[in-house]
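K.L.:
Just passing along the structure, written as structure tokens.
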Amino acid sequence: MTSRMKTLLAACFATLMGASLALAPTTAEAQGRVRIKDIADFEGVRQNILVGYGLVVGLNGTGDTINNSPFTQQSLIGMLERLGVNTRDIANTLRTKNVAAVMVTSTLPAFARQGTRIDVNVGALGDATSLQGGTLLVTPLLGADGEVYAVAQGPMAIGGFSASGQAASVTRGTPTGGRVSNGAIVERELGFELAALQSVNLTLRNPDFTTARRVAQAINAFAGGPVARPRDPGTVILVAPPGRQNDIVGFLTDIEQLQVQPDQQARVVIDEKSGTIVMGENVRISTVAIAQGNLTIRITETPQVSQPNPFSTTGTTTTVNRTDIQVDDGTGRRLAVLPGSVTLQELVNGLNALGITPRDMITILQAIKAAGALQAEIAVM
Numbered sequence: 007m008t009s010r011m012k013t014l015l016a017a018c019f020a021t022l023m024g025a026s027l028a029l030a031p032t033t034a035e036a037q038g039r040v041r042i043k044d045i046a047d048f049e050g051v052r053q054n055i056l057v058g059y060g061l062v063v064g065l066n067g068t069g070d071t072i073n074n075s076p077f078t079q080q081s082l083i084g085m086l087e088r089l090g091v092n093t094r095d096i097a098n099t100l101r102t103k104n105v106a107a108v109m110v111t112s113t114l115p116a117f118a119r120q121g122t123r124i125d126v127n128v129g130a131l132g133d134a135t136s137l138q139g140g141t142l143l144v145t146p147l148l149g150a151d152g153e154v155y156a157v158a159q160g161p162m163a164i165g166g167f168s169a170s171g172q173a174a175s176v177t178r179g180t181p182t183g184g185r186v187s188n189g190a191i192v193e194r195e196l197g198f199e200l201a202a203l204q205s206v207n208l209t210l211r212n213p214d215f216t217t218a219r220r221v222a223q224a225i226n227a228f229a230g231g232p233v234a235r236p237r238d239p240g241t242v243i244l245v246a247p248p249g250r251q252n253d254i255v256g257f258l259t260d261i262e263q264l265q266v267q268p269d270q271q272a273r274v275v276i277d278e279k280s281g282t283i284v285m286g287e288n289v290r291i292s293t294v295a296i297a298q299g300n301l302t303i304r305i306t307e308t309p310q311v312s313q314p315n316p317f318s319t320t321g322t323t324t325t326v327n328r329t330d331i332q333v334d335d336g337t338g339r340r341l342a343v344l345p346g347s348v349t350l351q352e353l354v355n356g357l358n359a360l361g362i363t364p365r366d367m368i369t370i371l372q373a374i375k376a377a378g379a380l381q382a383e384i385a386v387m
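No gaps in the numbering here: position 131 of the sequence shown is 137 in my numbering, and each next residue is one more.
The following block contains the structure:
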């Protein structure tokens, strides 16, 4: 190989490397990218909530008290009548403790076909103490439209237990709730044909103008044409391109694997009940001075016993009160200045330097917002 050829090959290699580095995203950008399927949902690809009312039998004396649960008594009588057993004449004498009324809930997956089995959750409705060892009887599961979409039945598995004696008892988990794996059979299908659609709405889980535009741009770059456009901050309209109209499922499969970098609004979320604070990456703060101090008064009572001298006939034993009062007025905590446009990490470090607790930080953040120095939205849960 001549020196001229070596020079040309080296130049070509350098050009290719430079082009690949220019096209490759930076480390920060690559870390911030997520798949479209993780931030958006396709129209029609959704679950549906099911609910039903039924009876659990076979309990070891831990079921409902019939006298205290009239709905259990009525359900038991109705079930026995459907099976050809008349118990209305002796309804007042029923004393069984092996039956419990329960609510059954489940979720119907998208595109579930007839005969598909789904899991169901069971929870006691009356005063049953445990559902351990019980069997759920045939229970229709209804949708929001009142139609029956599945039927549940089967032995239960609970995630807790309870045991008691004459003077003590112990409970672990929740023995009044359980689960029946593959306990329901789908009886009705939802009439939705995804393959027949020519356009699909893509719904963002966190609506945002910038994110919607980036999703549309990523899809158009992949399809090689304007097949997607944002309709609003939460919806992107997707039209199947020519050649993929008969393969809408395959086209959506390719779309959901595309990666975009979602944008987020600067927001501070505060939970007053637990003292939890969550701040977004884009939270910024203008120049502000902060001083924080609490007045803490601690009173300690240590009573002491005073006794007379040995063999004394005049003194008596008495209790002498001893009170210790300590006051902490926050002396030593100074005014701290946070410069403008600090990052989230600098903001947290500055607040932690004041030695404040999360609940005090909530008050400080609200005060900074009231002063107009916090460039973010505060959402109180």
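From the three backbone atoms N, C-alpha and C, an ideal C-beta is built for every residue, glycine too.
Got a sec? Which residues, its chain only, sit under 6 Å from Thr-122 by beta carbon, not counting five neighbours each side?
P.N.:
Val-192
K.L.:
Looking at the structure shown, is Phe-48 part of a helix, part of a strand, or coil, going by DSSP?
P.N.:
strand
K.L.:
Taking Cβ to Cβ, would you say Val-388 is nearer than 8 Å to Gly-183?
P.N.:
The structure shown does not extend to residue 388, since the chain is modelled only from 7 through 387, so no value can be given for it.
K.L.:
Check whether the region 68 to 84 touches the region 232 to 239, taking contact to mean three or more Cβ pairs, one atom from each stretch, closer than 8 Å.
P.N.:
no
K.L.:
Skipping 5 residues on each side, what residues in its chain have a beta carbon closer than 8 Å to that of Thr-71?
P.N.:
Lys-103, Gly-132, Asp-133
K.L.:
Thinking just about the alpha-carbon of each residue, which of Asp-214, Gln-381, Lys-279, Thr-259 is nearest to the one in Ala-229?
P.N.:
Thr-259
K.L.:
Using the Cβ count rule (16 or more neighbours within 10 Å means buried), how would you classify Gly-69?
P.N.:
buried
K.L.:
To which residues of the same chain is Glu-383 closer than 8 Å at the C-beta, ignoring the five residues directly before and after it?
P.N.:
Gln-271, Ala-272, Arg-273, Val-274
K.L.:
What's the call for Thr-369, buried or exposed, on a 16-neighbour Cβ count within 10 Å?
P.N.:
exposed
K.L.:
Pairing CB atoms from the region 151 to 162 with CB atoms from the region 198 to 212, are three or more of them under 8 Å?
P.N.:
no
K.L.:
Between the region 111 to 122 and the region 87 to 103, do three or more beta carbon pairs fall short of 8 Å?
P.N.:
Below 8 Å, too few C-beta pairs join the region 111 to 122 and the region 87 to 103 to call them touching: fewer than three.
K.L.:
Grouping DSSP H, G and I as helix and E and B as strand, with all else coil, what is Ile-384?
P.N.:
strand
K.L.:
What's the C-alpha gap between Asp-366 and Asp-269?
P.N.:
30 Å
K.L.:
Are there 16 or more other CB atoms within 10 angstroms of the CB of Gln-53, so buried, or fewer, so exposed?
P.N.:
exposed
K.L.:
To the nearest angstrom, how far is it from the Cα of Ala-224 to the Cα of Met-285?
P.N.:
28 Å
K.L.:
On a Cα-Cα basis, can you pick out the residue from Ser-175, Arg-194, Val-386, Asn-212 that is closest to Lys-279?
P.N.:
Val-386
K.L.:
Along the chain, where does the alpha helix (DSSP H) containing Met-367 start, and where does it finish?
P.N.:
364 to 376
K.L.:
Please report the distance separating the alpha-carbon of Ile-291 from that of Leu-380.
P.N.:
5 Å
K.L.:
Thinking C-beta only, is Arg-185 closer than 8 Å to Asp-277?
P.N.:
A distance of 8 Å or more separates the beta carbons of Asp-277 and Arg-185.
K.L.:
Along the chain, where does the beta strand (DSSP E) that runs through Arg-178 open and close?
P.N.:
175 to 178
K.L.:
First and last residue of the beta strand (DSSP E) that includes Ser-312?
P.N.:
Element bounds for Ser-312: 310 to 312.
K.L.:
So the candidates are Glu-49, Lys-375, Gln-267; which of them puts its Cα closest to the Cα of Asn-207?
P.N.:
Closest option to Asn-207, Cα to Cα, is Glu-49.
K.L.:
For the alpha helix (DSSP H) that Arg-235 lies in, which residues bound it at each end?
P.N.:
No alpha helix (DSSP H) holds Arg-235; the beta strand (DSSP E) holding it covers 234 to 238.
K.L.:
Quick one, are the C-beta atoms of Ala-294 and Ala-376 less than 8 Å apart?
P.N.:
Note on identity: in this sequence residue 294 is Val, with Ala being the wrong assignment. No.
K.L.:
If Gly-60 and Leu-142 are in contact, beta carbons under 8 Å, what's the gap, nearest whole angstrom?
P.N.:
Taking a contact as a CB-CB distance under 8 Å, the pair Gly-60 and Leu-142 counts as one, their CB atoms being some 6 Å apart.
K.L.:
With a 10 Å radius around its C-beta and 16 neighbouring C-beta atoms as the bar for buried, classify Ile-55 as buried or exposed.
P.N.:
exposed
K.L.:
Whose C-beta lies closer than 6 Å to the C-beta of Arg-237 among residues of the same chain, with five residues either side of it excluded?
P.N.:
Ile-243, listed in sequence order.
K.L.:
Name the one or two DSSP bridge partners that Thr-241 has.
P.N.:
Thr-241 is bridged by DSSP to Thr-209, Asp-238.
K.L.:
In the structure shown, what three-state DSSP assignment does Gly-69 receive?
P.N.:
coil
K.L.:
State the beta-bridge partners of Gly-149 as determined by DSSP.
P.N.:
Looking at the DSSP assignment, Gly-149 forms no beta bridge with any residue, so it has no partner.
K.L.:
By alpha-carbon positions, which one of Gly-67, Pro-316, Val-289, Asn-66 ends up nearest to Ile-374?
P.N.:
Val-289
K.L.:
In whole angstroms, give me the CA-to-CA distance for Thr-93 and Leu-148.
P.N.:
In a straight line, the C-alpha of Thr-93 is about 28 Å away from that of Leu-148.
K.L.:
Would you mind reading off the limits of the beta strand (DSSP E) that contains Gly-188?
P.N.:
For clarity, residue 188 is Asn in the given sequence; the question names Gly instead. Going by DSSP, Asn-188 is part of the beta strand (DSSP E) stretching over 183 to 192.
K.L.:
Does Gly-58 pass the burial test, meaning 16 or more other C-beta atoms within 10 Å, or should it be called exposed?
P.N.:
buried
K.L.:
Going by DSSP, what residue range makes up the beta strand (DSSP E) through Val-284?
P.N.:
Annotation: the continuous beta strand (DSSP E) that includes Val-284 extends over 282 to 285.
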